[in-house]
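Asker: Shown below is the structure under consideration.
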Amino acid sequence: MKKFLLVIPGLFLFTAVWGQGLNSAVSAAVEKPNFYQLENYVIPESSKVVLTEQDVYELSPYKLNYARNEIYARHGYIFKDADYSAYFSEKSWYKKNPAFNESLLSGVEKKNLQFLKAYSDKLKANFKKVEGMKTTLDLNGDGKKDTVTLKSTAGGDSYTLTVNKSSVSGTGDNLDGVMYICDLDSKDKYKEIAITESGPSDDYSTYFYSYNGRKLIYMGRVQGAEHVIKVNGSGKLVTKTRGDILQTWFYSDEYSLSASRKLVHIPRTYYKMNTIVTVKKQLKLQKSPTNSGTAAILKGGEKAVITETDNQKWCAVVTKDGVKGWVAVSGFSRINGIEASEYFDGLSYAD
């Protein structure tokens, strides 16, 4: 597949817009989508509403950086960073202002800038890259420094991790040859070690280990790496996992830290997809996965938002008029026996 950091317009929908929640599997009238905002902003309301962690839950560390700089961009800040400059230059609303100064920012915007920076800094501190292949720190809270060594090469397929006299060896696919020190739960005495790989085609994954004072414990593997994994010290980890139906997309996926120091997946009934599409041919939306009654009829040329899915068969779609309905997907991407791309423009496919 292509880059994991696939940026789909409208990937993030501000939580105030979709207040119906993830687990509502019935047709309903919801707020009409504001397609302009959803296509053009990371957080449409960041100039008006003071943000909380709940509001940025769906954002990866990578996207948090764009959300913060979006506040500056609204006032014409001229970016020296080439990536930010290119990104915001593509937005029709962005107008460079050589006279920019921070007095242009509102009180709400200043609070949100402080919040986003503090939140990003916390995530970085809790998932910190080790410079080099060796470090020392107290991993298990016994007051003694532990020596941590990684033997691995970038692009390789094997590694050996050693803490003091305990060693484990593992295999990977296109390993990055680096390790990170994590703090999954700031209330316990432990720090964790993470080893990342880029996979065959930027299919990122991370392997986690813990040390109990005697031996290394393999905690588990999750999809994603530094740019998408969020560790805030709560005992949970949030990453982006590749979806299994309809298109190439990535959803926020949670893992919790168990008493035996394993990463345990937390499944959901529905996962946010939030992809804006243009309808190509008429399509019936049913009232719910268990009620085949008609919720709405999508017509060619209309815009809609595919908001969530069970990642197995059912996808929820919100029409331009704010009506929510459901469509069944068979195989990977077939609707009513034909490819979903025959019904929708705007889906993303990567090899």
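Under mature numbering (1 follows the signal peptide of the UniProt record, and there is no 0), read the sequence shown as residues -19 to -1, 1 to 332, first letter to last.
Every residue gets a Cβ at the ideal spot worked out from N, C-alpha and C, and that includes glycine.
#1: With a threshold of 8 Å, are at least 3 pairs of Cβ atoms found where one atom belongs to the region 166 to 173 and the other to the region 136 to 143?
#2: DSSP three-state call for G88: helix, strand or coil?
#3: For S150, collect the residues of the same chain with a Cβ closer than 6 Å to its Cβ; drop the 5 residues on either side in sequence, then sort them by chain order.
#4: Have a look at E289 and P42 and give me their C-alpha separation to the nearest angstrom.
#5: If you follow the alpha helix (DSSP H) that S70 is in, where does it begin and where does it stop?
#6: Mind checking which residues open and close the alpha helix (DSSP H) that includes N46?
#7: Quick one: complete beta strand (DSSP E) runs, 3+ long, within the region 255 to 305?
#8: Name the one or two DSSP bridge partners that F189 has.
#9: Please identify the residue among H56, W295, G113 whose C-alpha is closest to the C-alpha of P270.
#10: Taking C-beta to C-beta, are V308 and A10 nearer than 7 Å?
#11: Using DSSP bridges, identify the partner residues of Y232.
#12: Please report how far the alpha carbon of S87 lies from the alpha carbon of K29, in whole angstroms.
#13: Mapping the DSSP letters down to three states, classify S311 as helix, strand or coil.
#14: Helix or strand or just coil, what does DSSP make of G81?
#15: Please report how far the alpha carbon of I316 lies from the alpha carbon of L19, in whole angstroms.
#16: Can you give me the Cβ contacts of D157 inside the same chain, cut-off strictly under 7 Å, excluding the 5 residues immediately before and after it?
#17: Count the other C-beta atoms from every protein chain shown that fall within 10 angstroms of the C-beta of W230, then say buried if there are 16 or more, exposed otherwise.
#18: Taking only the alpha-carbon atoms, compute the straight-line gap between M160 and K170 and give it to the nearest angstrom.
#19: Measure the C-alpha to C-alpha separation of K221 and G124 and round it to an integer number of angstroms.
#20: Look up L142 in the DSSP assignment and say whether it is helix, strand or coil.
#21: If I measure Cβ to Cβ from L120 and keep anything under 6 Å in the same chain, skipping five residues before and after, which residues do I get?
#22: From the DSSP secondary-structure annotation, give me the bridge partner or partners of M160.
#23: Buried or exposed for I247, going by 16 or more other Cβ atoms inside 10 Å?
#24: I'd like to check one pair, S147 with K196: are the Cβ atoms closer than 7 Å?
#25: Below 8 Å on the Cβ atoms is my guess for R242 versus I198; work out the distance and round it to an integer in Å.
#26: Buried or exposed: F69, going by 16 or more other Cβ atoms within 10 Å of its Cβ?
#27: Looking at the unbroken alpha helix (DSSP H) that takes in F16, where does it start and where does it end?
#28: With DSSP collapsed to three states, give me the class of A10.
#29: Applying the 10 Å Cβ sphere with the 16-neighbour rule, what's the burial state of P14?
#30: In the DSSP assignment, find the beta strand (DSSP E) that holds I24 and state where it starts and stops.
#31: If you draw a straight line from the C-alpha of F96 to the C-alpha of L85, how long is it?
#32: In whole angstroms, what separates the C-alpha of P181 from that of Q35?
#33: For E39 and S237, what's the separation of their Cα atoms in angstroms?
Answerer: Considering the structure as presented:
#1: Taking one beta carbon from each stretch, the region 166 to 173 and the region 136 to 143 have fewer than 3 pairs nearer than 8 Å; the two do not touch.
#2: When DSSP states are grouped into helix, strand and coil, G88 belongs to the helix group.
#3: For S150, same chain residues with a beta-carbon under 6 Å away, outside a window of 5 residues either side, are T141 in chain order.
#4: Their Cα atoms are separated by approximately 22 Å.
#5: Its alpha helix (DSSP H) spans residues 63 to 70.
#6: Note, N46: alpha helix (DSSP H), 42 to 54.
#7: Within the region 255 to 305, the runs of beta strand (DSSP E) at least 3 residues long that lie entirely inside it are, in chain order, 264 to 269, 272 to 279, 284 to 290, 295 to 300.
#8: F189 is bridged to A175, G201.
#9: Per the Cα distances, W295.
#10: Between V308 and A10, the CB-CB gap reaches or exceeds 7 Å.
#11: Y232 has T222 as its beta-bridge partners, per DSSP.
#12: Those two C-alpha atoms are separated by around 9 Å.
#13: Strand, per DSSP.
#14: It is worth fixing the name first, because residue 81 is Phe in this sequence and not Gly. Here F81 sits in coil by DSSP.
#15: Taking the straight line joining both Cα atoms gives about 25 Å.
#16: Once the five neighbours on either side are set aside, the close Cβ partners of D157 are A135, T177, E178, S179.
#17: Of the other Cβ atoms in all chains shown, 16 or more fall within 10 Å of the Cβ of W230; this residue is therefore buried.
#18: In a straight line, the C-alpha of M160 is about 20 Å away from that of K170.
#19: It is roughly 35 Å from the alpha-carbon of K221 to the alpha-carbon of G124.
#20: Strand at L142.
#21: These residues qualify, in order along the chain: D127, K172, Y192.
#22: Answer is I176, bridged to M160.
#23: Exposed, since its Cβ has fewer than 16 Cβ neighbours within 10 Å.
#24: Pairing K196 with S147 gives a Cβ-Cβ distance under 7 Å.
#25: Right, the Cβ-Cβ distance comes to about 6 Å (below 8 Å), so this counts as a contact.
#26: Buried.
#27: That run of the alpha helix (DSSP H) goes 16 to 21.
#28: In this structure, A10 counts as strand in the three-state DSSP scheme.
#29: With 16 or more Cβ atoms within 10 Å of its Cβ, P14 is classed as buried.
#30: Careful: I24 lies outside any beta strand (DSSP E) and carries neither H nor E.
#31: Between F96 and L85, the C-alpha separation is close to 18 Å.
#32: Taking C-alpha positions only, P181 is separated from Q35 by approximately 33 Å.
#33: E39 and S237: Cα-Cα distance of roughly 17 Å.
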